[in-house]
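A quick write-up on the structure given underneath.
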Amino acid sequence: MVQSGQPLLAHEEPVVDHGTGKVLWKLTTKAPLRDDQGQIIGLVGIGRDITARRQIEAERDALLGQLRSSEARYRELVESLGEGIATVDAEERLLFANPAADAIFGVQGGALIGRSLREFTHPESLALLAEQTARRLRGEGSRYTLDIIRPDGERRTLAVTAQPQLDREGVFVSTLGVFQDITERVRAQEAEHEQRLFAEALRDAAAAIASTLSFDEVLDRILAEVGEVVPHDAARIMLVKEGMALGARGRGYDERPPSEPISALRLPIASTANLRTMIETGRPLVIADTQLYDGWVVHPQQPWVRSTAGAPIRAKDQIIGFLNLDSATPGFYTEAHAERLQAFADQAAVAIENARLYQAARDHATALEEAVARRTAELQQANERLRELDRLKGQFMQQASHELRTPLTNVKTSAWLLEHGKPEKRGYYLATLQRDADVLHGLIEDLITTMTLDLGRMRPALRPVDIGPIADRAAKSRAQLLADRGLSLHLAVAPDLPPALADPRLLTQALANLIADAADRSPHAAQIAVECRLQTEPESATEWVTVSVCETSETPASAAGAGLRLAICEELARQHRGKLTVAGQPGQGRVTTLWLPKG
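Basically our numbering = 1-based index in the sequence shown + 1.
As structure tokens, then:
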């Protein structure tokens, strides 16, 4: 200062207090003292103790350093947090946003700053945002959830904690918001909620369709309940039979013409791509857009179907049908729909199988009832037949005793005449004896044959036979009898007559007896006609091969037949699974017909 001649103004300098040894700070102002000639002759100074002030300033600097350090740490903390932090002004413009906020909103490099929060808010949440802003302006804090739309179009859900920032006078400055992306948690909660609702709906639907065992009602209830599980415009059930998917039930198609009964729908599985895929994989199938699905069969009655979901109906490891849902909206169905539909279809399969088993049990019970009723009727008929056989047995015994007594009496008479009669008539007596013995022998043989058949010791060997030659042999076996009575016989066999089911030997015997019985009833010189043809029974429309013996009787015919020969022939007819009928008018002769099954 002496050299420069310049004053020293407000200079701070440390001074040691010699008494205490402490360093004190002085604020001094010094100036040179000059004489009249302007020469520096001394110094003039004013000093002030500023030790306290320097201490205060030192403390202030330390506090400022700490504040700057704290701010740095706070900024580092804010920028490293996973939660988004932002400040928003009264017009909902973003003033500050940390990197986590940028990431949550789907932007980079501080692109949120200066933009309006409303740009990112989902339309459904705009009213909520306005309400929350009003609360901040009133100095209120709150917690809420907000849905946003990222620039890429993805919707996200945020959990927000917001507090108003006020100045010393309590005037709103900004809103400090801390928010977290809870989209996945919300989706998980929604999925859990939907799964719970689905489980309840599936339980209720399964209970509804299982509450009946009527097959038709089960199908109707399946279509009524499936809408509680998977939405649709129309639904149908198709059942598998011999490689075809046959329409069993439908709902919602009649409201969308053109339409036809679902029962008219018949799809070959091998050439229907979506059905074949479900058969091969055993899995449900979703066709998001039928126009983009290779192999989609456009049914002329259902051109409106644009999206469809199908699930196989499985019972005992076999696919017995399909449950299909249709929508007129392209892209309507997703894999989640398919999984739900399969779960429902599995429940439906149980109900369908139970209904089928119940129906089978009912059908079996009905069949058993019918079989019991039929068997009871057969037993009643058998009892009636037995009673009739008992009656016929008595009648047969009477007829047999009468028929045997007459030729036996004649044999005895002829034998007596041979011994006591006129010698010149011995030839006549002998011929009469021979004839009556032959008749008696034939009756006894017929009787033995009938008894043997009746006792089951001999069964007819039934086989297809030509009836014409058998009738001819039977006629020739009675040629002598016809000649002795002066009778003629005419045999007529229809052309192209089918074979009859018969035992040739026994049938020959039966026809011979019918001819002999007709000969016994016919007057001298009469004609007996034997006709073989095919006849249809009016009551049952059954075709039979018949042999009719037509005679001109001197006595009227009985409806039950007459004589031992007819009784024998009736038994032979029964053994041949046929029957014997007698028709005629008094004085007009009669027709005895043997009915035989076609061979």
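Even glycine gets a Cβ: it sits at the ideal position worked out from N, Cα and C.
How far does the beta strand (DSSP E) with residue i in it extend, from its first residue to its last?
| i | result |
| --- | --- |
| Thr547 | Glu544 to Glu552 |
| Arg267 | Arg267 to Pro269 |
| His12 | Leu9 to Val17 |
| Ile280 | Premise fails: Ile280 lies in the alpha helix (DSSP H), Ala274 to Thr282, not in any beta strand (DSSP E). |
| Asp327 | Gln319 to Ser328 |
| Thr21 | Element bounds for Thr21: n/a, residue is neither H nor E. |
| Ala160 | Arg156 to Leu167 |
| Val287 | Leu286 to Ile288 |
| Leu581 | Lys580 to Gly585 |
| Thr88 | Gly85 to Val89 |
Under the assumption that residue i contacts residue j (Cβ atoms under 8 Å), give the Cβ distance between them as a whole number of angstroms.
| i | j | result |
| --- | --- | --- |
| Ile270 | Ile280 | 6 Å |
| Leu482 | Ala432 | Rounded, the Cβ-Cβ distance is 14 Å, inconsistent with contact. |
| Ala98 | Ala87 | 4 Å |
| Arg137 | Thr176 | 5 Å |
| Glu538 | Trp545 | 6 Å |
| Val230 | Ala206 | 6 Å |
| Ile321 | Leu220 | Not quite, the Cβ-Cβ distance comes to about 12 Å (not below 8 Å), so this is no contact. |
| Leu492 | Ala513 | In fact, because the Cβ distance is near 13 Å, the residues do not count as touching under 8 Å. |
| Asp234 | Ser126 | Rounded, the Cβ-Cβ distance is 32 Å, inconsistent with contact. |
Considering Cα atoms alone, identify which of the options is closest to residue i.
| i | options | result |
| --- | --- | --- |
| Asp347 | Asp439, Ala368 and Arg204 | Arg204 |
| Gln109 | Leu138, Tyr145, Gly590 and Arg151 | Arg151 |
| Gln7 | Leu34, Lys599 and Gln360 | Leu34 |
| Gln343 | Ala207, Ser308, Arg284 and Gly585 | Arg284 |
| Gly585 | Arg578, Thr594 and Gly579 | Thr594 |
| Asp18 | Trp26, Ala11 and His12 | Trp26 |
| Arg144 | Gly253, Glu132, Glu201 and Gly251 | Glu132 |
| Arg479 | Thr176, Phe323 and Leu490 | Leu490 |
| Pro258 | Thr291, Pro301 and Asp217 | Pro301 |
| Leu573 | Ile471, Ala511 and Gly469 | Ala511 |
| Glu141 | Ala59, Ala163, Leu130 and Pro505 | Ala163 |
| His12 | Val24, Ala32 and Ser5 | Ala32 |
| Leu28 | Arg55, Ala316, Gln40 and Val412 | Arg55 |
| Leu130 | Val174, Gly248 and Gly178 | Gly178 |
| Leu10 | Gly48, Ile41 and Gln40 | Gly48 |
| Phe345 | Lys317, Arg522 and Gly311 | Gly311 |
| Lys317 | Arg392, Gly296 and Ala352 | Ala352 |
Reducing DSSP to helix, strand and coil, say where residue i ends up.
| i | result |
| --- | --- |
| Val351 | helix |
| Gly562 | Here Gly562 scores only 34 on pLDDT, less than 50, and its place in the model should not be relied on; the value that follows carries that caveat. Coil. |
| Pro557 | At Pro557, the pLDDT of 40 sits below 50, so the modelled position is not reliable; the number obtained from the coordinates is stated separately. It is coil, neither helix nor strand. |
| Asn99 | coil |
| Lys599 | strand |
| Ile314 | strand |
| Gly469 | helix |
| Phe173 | strand |
| Asp148 | strand |
| Ile57 | helix |
| Arg436 | helix |
| Val108 | coil |
| Thr122 | strand |
| Val373 | helix |
| Arg1 | Any property of residue 1 remains undetermined from this structure, which presents the chain solely from 2 to 600. |
| Thr213 | coil |
| Ala383 | helix |
| Val79 | Below a pLDDT of 50, predicted positions are generally treated as unreliable, and Val79, at 49, falls in that range; no measurement from the model is reported. |
| Gly1 | Lying outside 2 to 600, the shown extent of the chain, residue 1 is not represented and no answer is given. |
| Thr594 | strand |
| Gln576 | helix |
| Gln537 | In the sequence on display, residue 537 carries Thr and not Gln. Three-state result, Thr537: strand. |
| Ser415 | helix |
| Ser264 | helix |
Terminal residues of the continuous alpha helix (DSSP H) containing residue i?
| i | result |
| --- | --- |
| Asp221 | Phe216 to Glu226 |
| Glu201 | Thr184 to Ile210 |
| Leu482 | Ala480 to Asp485 |
| Thr134 | Leu127 to Leu138 |
| Gln510 | Pro505 to Arg522 |
Since residue i sits in a beta bridge, which residues does DSSP pair it with?
| i | result |
| --- | --- |
| His491 | Ala530 |
| Ser238 | The identity of residue 238 in the sequence shown is Ile, whereas the question assumes Ser. Looking at the DSSP assignment, Ile238 forms a beta bridge with Arg250 and Leu324. |
| Trp26 | Pro15 |
| Asp50 | Lys27 |
| Ser308 | Ser328 |
| Pro33 | Leu44 |
| Ala501 | Val466 and Lys599 |
| Val179 | Ile86 and Thr162 |
If you measure from the CB of residue i, is any heavy atom of the ligand ADP nearer than 8 Å?
| i | result |
| --- | --- |
| Pro598 | Of the ligands one can find in the structure shown there are none, so the ligand ADP has no counterpart to examine. |
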